Structure formats: structure tokens, C-alpha cells
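**Q** Here's a structure for you.
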Amino acid sequence: GLAAGRLRSVVIDRCFVDESGTRWVVDYKTSRHEGGGLESFLAEELERYRGQLSTYAALAQQLGPEPVRAALYFPLLRAFRELS
Numbered sequence: 001g002l003a004a005g006r007l008r009s010v011v012i013d014r015c016f017v018d019e020s021g022t023r024w025v026v027d028y029k030t031s032r033h034e035g036g037g038l039e040s041f042l043a044e045e046l047e048r049y050r051g052q053l054s055t056y057a058a059l060a061q062q063l064g065p066e067p068v069r070a071a072l073y074f075p076l077l078r079a080f081r082e083l084s
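Going by our numbering, the letters in the sequence shown line up with residues 1 to 84, in that order.
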């Protein structure tokens, strides 16, 4: 798709429209957390992938009129963090 005026080819892990009509873009991460606080680690990961998620959200917006929300999912940590 086209994002920021450039043709982009990406692989989105999960994209769906929920029952309220919101399109979700979810990127799965298998990052390991070692030491330090879990919440600070998750916040750092969200910042680390902010650009990638923003690009995915911009591309997903082209799929339909639904509002788009983007998030990271960490299955090994049982954590979900939405991009704000």
C-alpha cells in the first residue's frame, strides 16, 4: 500500500474489525523480558515499534472507513499494549 507517499510492502500479523466497527492492527512480539520492571520494558518496546505500528495503521486505514487502532501483543508475557 501507499504510506507517507511511498509504496510499502509489509506483513501485518493480525488485522480485523471488531464488533464495535473498529479495525485493529496487532503486531505480535516474542521479545523476552529479563530483569527490570515489566511495565517499563513494555513501554520501551511500544516506543521502539511506534513507527512500524503507525505505518501499519496508515496502510490499514486504506482498507475501509473504520477507525483504526494499533497495538503490540506479547504472547509470552501475556501482555497487550495499544499505541496511543
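From the three backbone atoms N, C-alpha and C, an ideal C-beta is built for every residue, glycine too.
None of the values given here were measured: they were computed from a predicted structure.
Which residues does DSSP list as the beta-bridge partners of Ala70?
**A** Residue 70 sits at position 70 when you count from the first residue of the sequence shown. According to DSSP, which records beta bridges pairwise, Ala70 is partnered with Val25.
**Q** To which residues does DSSP link Arg6 through a beta bridge?
**A** Here residue 6 corresponds to residue number 6 of the sequence shown, with the count starting at 1. According to DSSP, Arg6 bridges with Ala3.
**Q** From this set, Leu42, Ala43, Gly51 and Ala70, which residue's C-alpha is nearest Asp18's C-alpha?
**A** In the sequence shown, counting from the first residue as 1, residue 18 sits at position 18. If we check each option's Cα against that of Asp18, Ala70 comes out closest.
**Q** What's the C-alpha gap between Thr30 and Ala79?
**A** Along the sequence shown, one-based indexing puts residue 30 at 30. Along the sequence shown, one-based indexing puts residue 79 at 79. Each residue's Cα considered, the two are about 11 Å apart.
**Q** Spatial neighbours of Pro75 within its chain, please: C-beta separation below 8 Å, excluding the five flanking residues on both sides.
**A** Indexing the sequence shown from 1 puts residue 75 at position 75. So the list reads Tyr28 and Thr30, once near-sequence residues are dropped.
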